[in-house]
């Protein structure tokens, strides 16, 4: 227990870093994922091709490799950003592919008549998608989206290898101070467990509220 009590500020700082990285990356992933999901169901072929390519490439690229591409590749094009921003871009883009496919599965559950009714009222495809289809699709995929966000929270651990302050990276500091690595990782695991359980509880609450609103 003294590993935690003696280094509470170190653990807390790392936990807040992981929490903030998860929140910002999740926001980016949800926005990008919704946009790409719209591309994938768009009647415009170039958009469908782009959406398919985005999902295919990112879902089949190891996240660590994507980190290297962003952190080491973008500066070669004179794009210099803080490491935290690079981490958000890597995590957000990677997770957006999974958000996209989750939302697309939800879109497929929306009755075709909903879109036809919207078009009969004179709504454009963008309006139909944003006002009619996606809101219903979100309701159908709250639980799967929760799983995607939990995976995102755990994936933030990779950012510590790229000079980003996060929970897993605290083990290096504690190891240098001579603390046992086993208990160091035990408390790191507890931190991730707290975060993932909180995300799970949040999405369970959202799922229940959506079920009632139906």
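Residue numbers (the working numbering): 114 to 327.
Glycine included, every Cβ here is placed at the ideal spot set by N, Cα and C.
* Asked: Roughly how many whole angstroms lie between the Cα atoms of residue 130 and residue 157?
  -> Stepping through the chain shown from its first residue, residue 130 is reached at position 17. Stepping through the chain shown from its first residue, residue 157 is reached at position 44. Cα to Cα, residue 130 sits roughly 40 angstroms from residue 157.
* Per-residue DSSP class, three states only, for residue 186 -> Looking up residue 186 in the chain shown gives position 73. Annotated three-state conformation of residue 186 is helix, per DSSP.
* Asked: Taking the C-alpha atoms as reference points, what is the distance between residue 123 and residue 296?
  -> Sequence index remark: in the chain shown, residue 123 carries index 10 (1-based). Sequence index remark: in the chain shown, residue 296 carries index 183 (1-based). The alpha-carbon atoms of residue 123 and residue 296 are separated by roughly 14 angstroms.
* Going straight from the alpha carbon of residue 220 to that of residue 245, what length do you get? -> Residue mapping note: residue 220 aligns to position 107 of the chain shown, counting from 1. Residue mapping note: residue 245 aligns to position 132 of the chain shown, counting from 1. Straight-line measurement puts the Cα of residue 245 at about 10 angstroms from the Cα of residue 220.
* Asked: How about residue 269 and residue 279: do their beta carbons lie closer than 8 angstroms?
  -> As a first step, residue 269 is located in the chain shown; it is residue number 156 there, counting from the start. As a first step, residue 279 is located in the chain shown; it is residue number 166 there, counting from the start. In this structure, residue 269 lies near residue 279, with their beta-carbon atoms less than 8 angstroms apart.
* To do: Check residue 155 in the structure and name its three-state DSSP category.
  => Position 42 of the chain shown, counted from the first residue, corresponds to residue 155. Note: residue 155 maps to coil in three-state DSSP.
* To do: In angstroms with no decimal places, state the Cα-to-Cα distance between residue 135 and residue 235.
  => Locating residue 135 in the chain shown gives position 22, where the first residue counts as 1. Locating residue 235 in the chain shown gives position 122, where the first residue counts as 1. Taking C-alpha positions only, residue 135 is separated from residue 235 by approximately 39 angstroms.
* The alpha helix (DSSP H) spanning residue 253 covers which residue range? -> Here residue 253 refers to the residue found at position 140 when the chain shown is read from its first residue. Counting along the chain, the alpha helix (DSSP H) containing residue 253 begins and ends at 247-253.
* Pair every Cβ in the segment 207-223 with every Cβ in the segment 236-255, then say whether three or more of these pairs are closer than 8 angstroms. => Between the segment 207-223 and the segment 236-255, the count of C-beta pairs closer than 8 angstroms reaches three or more; the two stretches touch.
* Given a cut-off of 8 angstroms, decide if residue 176 and residue 312 are closer than it, judged by their beta-carbon atoms. => Within the chain shown, residue 312 is the residue found at index 199, counting from 1. Within the chain shown, residue 176 is the residue found at index 63, counting from 1. It is not a contact, given that the beta carbons lie outside the stated cut-off.
* **Completely contained alpha helix (DSSP H) runs for the segment 168-221, where each covers 4 or more residues** => Qualifying alpha helix (DSSP H) stretches, in chain order: 176-181, 196-220.
* So is residue 181 buried or exposed if we call it buried at 16+ other beta carbons inside 10 Å? -> For the purposes of this step, residue 181 is taken as the residue at position 68 of the chain shown. Exposed, since its Cβ has fewer than 16 Cβ neighbours within 10 Å.
* To do: Identify the continuous alpha helix (DSSP H) that holds residue 239 and give its terminal residues.
  => If you number the chain shown from 1, residue 239 lands on position 126. Where residue 239 is concerned, the enclosing alpha helix (DSSP H) stretches over 238-241.
* Rounded Cβ spacing between residue 213 and residue 168 (contact assumed at less than 8 angstroms) -> For the purposes of this step, residue 213 is taken as the residue at position 100 of the chain shown. For the purposes of this step, residue 168 is taken as the residue at position 55 of the chain shown. So it is a contact: roughly 6 angstroms between Cβ atoms.
* For residue 276, which three-state DSSP category applies? -> Numbered from 1 along the chain shown, position 163 holds the residue referred to as residue 276. If DSSP states are grouped into helix, strand and coil, residue 276 belongs with coil.
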